[in-house]
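Q: Counting with our numbering, you get residues 148 to 663 for the letters of the sequence shown. Think of the CB as a built atom: it goes at the ideal place given N, C-alpha and C, for glycine as much as any other residue. The structure displayed is predicted, hence computed values, not measured ones.
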Amino acid sequence: MRPDWNLCHLRVWAVIAIMALWPHAASAITPERITVALSKLEALAQGAVADGAVPGLAIAVVHDDEIVFLKGFGHREAGKSETVDADTVFQIASLSKPVSATVVAALVSDRVVSWNSRIADLDPGFRLADPYPTSELTIRDLFAHRSGLPGTAGDDLEDIGYDRATILDRLRFVPPSSSFRAGYSYSNFGLTEGAVAAARPTGKSWEEVADEKLYRPLGMASTSSRNADFIKRANRAALHVKVDGAWAAKIKRDPDAQAPAGGVSSTARDLAQWVRLLLGDGVYGGKTLIAADALDQTHVPLMTRGKNPVSGGESFYGLGWNVEFGRHGLSWGHAGAFSVGARTLVTIFPKDKLGIVILANAFPTGVPEGLSDSFADLVFDGKVEQDWIEAWDAIYAGMFGPVVEAAKARYAAPPSPARPAAPASAYAGRYANDFIGDAVVSGTGDGLVLKLGPAGARSYVLRHYEGDLFLTYPDAETPDRPAGVSFVVGADGKASAITIDFLDDNRLGTLPRVGE
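1. Excluding the five sequence neighbours on either side, which residues of its own chain have a C-beta within less than 8 Å of the C-beta of Glu340, listed in chain order?
2. Among residues of its own chain, excluding the 5 on either side of Asp428, which ones have a beta-carbon nearer than 7 Å to its beta-carbon?
3. In the DSSP output, what is Gly203 paired with across the bridge?
4. Answer with buried or exposed for Gln533, where buried requires no fewer than 16 other C-beta atoms within 10 angstroms of its C-beta.
5. So what's Val550 in DSSP terms, helix, strand or just coil?
6. Where DSSP assigns a beta bridge to Asp534, which residues make up the other side?
7. When we look at the beta-carbon of Pro170 and count the other beta-carbons within 10 Å, is it buried (16 or more) or exposed?
8. Measure the Cβ-Cβ separation of Val259 and Ile503 and say whether it is below 7 Å.
9. Can you tell me where the beta strand (DSSP E) with Trp262 in it begins and where it stops?
10. Taking Ser519 as part of the alpha helix (DSSP H), name the residues at either end of that continuous run.
11. So, does the CB of Gln405 fall closer than 7 Å to a CB anywhere in chain C?
12. May I have the straight-line CA-CA distance separating Ile268 from Asp198, to the nearest angstrom?
13. Any contact between the region 535–553 and the region 509–522? By contact I mean 3 or more CB pairs, one from each, below 8 Å.
14. What are the complete alpha helix (DSSP H) segments, minimum 4 residues, inside the region 338–386?
15. Between Ala484 and Leu492, is the Cβ-Cβ spacing less than 7 Å?
16. Helix, strand or coil for Arg216 per DSSP?
17. In its own chain, which residues sit with a C-beta less than 6 Å from the C-beta of Leu168, not counting the 5 before and 5 after it?
18. Going by DSSP in three states, Leu284 sits in which element: helix, strand or coil?
19. Tell me where the alpha helix (DSSP H) around Trp102 begins and ends.
20. Just to confirm my understanding: we take Lys244, look at its own chain, exclude 5 residues before and 5 after, and list those with CB closer than 7 Å. What are they?
21. If we count Cβ pairs, one from each stretch, closer than 8 Å, do we get three or more for the region 184–200 versus the region 520–540?
22. From Phe617, Gly488 and Glu224, pick the residue whose C-alpha is nearest to that of Pro561; which is it?
23. Taking the C-alpha atoms as reference points, what is the distance between Leu365 and Lys434?
24. Please go through the same chain and pick out, in chain order, the residues whose beta-carbon is closer than 6 Å to the beta-carbon of Ala368, but skip the five residues on each side of it.
25. Since Leu314 is in the alpha helix (DSSP H), which residue starts that stretch and which ends it?
26. Looking at the structure shown, is Ile176 part of a helix, part of a strand, or coil, going by DSSP?
27. Look up Ala579 in the DSSP assignment and give the residues it is bridged to.
28. Of all the options Val231, Val321 and Ala623, which has the alpha carbon lying nearest to the alpha carbon of Ser334?
29. Could you pull the start and end residues of the alpha helix (DSSP H) that Lys244 belongs to?
30. Please report the straight-line C-alpha distance between Asn382 and Pro515, rounded to a whole angstrom.
31. Please specify which runs of the alpha helix (DSSP H), each continuous and at least 4 residues long, are wholly inside the region 428–465, giving them in chain order.
32. Name the two residues that bound the continuous alpha helix (DSSP H) containing Pro407.
33. Straight-line CA distance for Leu254 to Ala375?
34. If I'm right that Ser324 touches Gly295 with Cβ under 8 Å, what's the distance once you round it to whole angstroms?
35. If Arg112 and Arg347 are in contact, beta carbons under 8 Å, what's the gap, nearest whole angstrom?
36. Would you grab the beta carbon distance between Leu217 and Arg416 for me? Rounded to a whole angstrom, and I think it's under 8 Å.
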């Protein structure tokens, strides 16, 4: 038996012991309390939209295998008349992870794979930076974010236009952020590899497997892991960010490269069917679709995440799920966010057969967590303990603000006197490394242009700052955040290397010049 499996069982017993001692709600949930809580939840959701906290929302609540609440609020796009309803399709971002974990659980249930199947057996071409983790890596490791891959590994390549196959292949060049299985590092492309590898024995794509194993059996007709399907939906929510204090639908997001981790689109109605399946331990409509033991493994807390930043509950990560021991007992959950305009959440209280899904079409906002926490207070305690929306808003508002301000402060003004740039010809040319691929710099009438990605798909204007340092603004979601692009110029007057700060999180952003 594998040592990892023994460790997993030890953790299971530890969790059982914790659950036995953990405080729970003072009284059992009654239908009357649910009814009152739903009425107040609806008022809170209406208030959030009316106050401009989000342009639109969709909410589903399931209790004892019954959908007890299903409603949309607000608008699909700010400034337009079309309203959100229970069938409005949202991009659900990282809420895709527990959905994808359910798909893999179905494959485990059918004995296509096990959670301990080795990636080396399923996808022999996949590599991590070191041989030992590569040979021992399992689906379980990737869904628990304990492979050692840094959290941003692959996200940077996706940002400059590379496809899934290229990104997964290049993860072999990324140095680990921790020893294998020793650290938790939330990785979109690590989980994506776990899902893609799990689907390989079927001979079908991940997207086909998700359809076959989950979406179609549950009648989730508006759900897909393909961006093209989302775009075809007439009743779909736009992504919104704040522009001059108002919500604006400015940016679109194609998450196909990381579809298992962040590329699902769905509706409140469809996700309510998924929650019914989970609360039924794999039984849906009286039929067992997924074996309970395959599904149960997704909720075993494998990696510690510390405390919930607002409520203080102890938080762990299972397989595509957060497992939390909070003020209302055990819950399973997962948030989703696109910084270009999406916020989503699922929270499930398994002992009470209660689950809530909240979909919002804006970022940053803490409305999903705020509504979920308020609803839980109402159900279990009969009253809301505090303004949870305000508390969670502060968390999300602080995600990018300090980083942006620090970058702006760093480059507020060049030293005086500033060193002049070399002629454009000193920097122009082709640079490359194994991870980033090609970077082509060319001179223009008013500066330099950097082209990255397949066939130079992404262009960045470089403005001189000081000496051989230039600035660019690479992020659509943080358009006022500057990033440095610097050159090393030799005695021959030619740049021998370029360092691209916004691709250097994992110290892979330096590219030597290639050719003349």
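A: Straight from the coordinates:
1. Ile266, Asp270, Phe273, Leu289, Leu315 and Leu318
2. Ala439 and Leu442
3. Gly221
4. exposed
5. helix
6. DSSP, once it has assigned bridges, lists no residue as partnering Asp534.
7. Residue placement at Pro170 is poorly supported in this model, since its pLDDT is 47, which falls under 50; the coordinates are not used for a value here.
8. no
9. Segment: none, Trp262 is in no beta strand (DSSP E) and carries neither H nor E.
10. Val514 to Asp528
11. Going by chain labels, chain C is absent from the structure shown, which holds only one protein chain.
12. The sequence given here has Asp at residue 268, not Ile. When rounded, the distance between both Cα atoms is 53 Å.
13. yes
14. 353–357 and 374–379
15. no
16. The displayed chain sequence assigns Phe, not Arg, to residue 216. Strand, per DSSP.
17. Confidence at Leu168 is low in this model, with a pLDDT of 43, below 50, so its placement is unreliable and the value that follows should be read with caution. Contacts found: none.
18. coil
19. Residue 102 is absent from the structure shown; the chain starts at 148 and stops at 663.
20. Leu338, Ala408, Gly467 and His481
21. yes
22. Phe617
23. 11 Å
24. none
25. For the record, residue 314 in the displayed sequence is Ile; it is not Leu. Counting along the chain, the alpha helix (DSSP H) containing Ile314 begins and ends at Arg311 to Arg317.
26. coil
27. Asp585
28. Val321
29. Ser243 to Ser256
30. 21 Å
31. 439–443
32. Ala406 to Gly409
33. 25 Å
34. 6 Å
35. Nothing in the structure corresponds to residue 112, since the chain is present only between 148 and 663.
36. 6 Å
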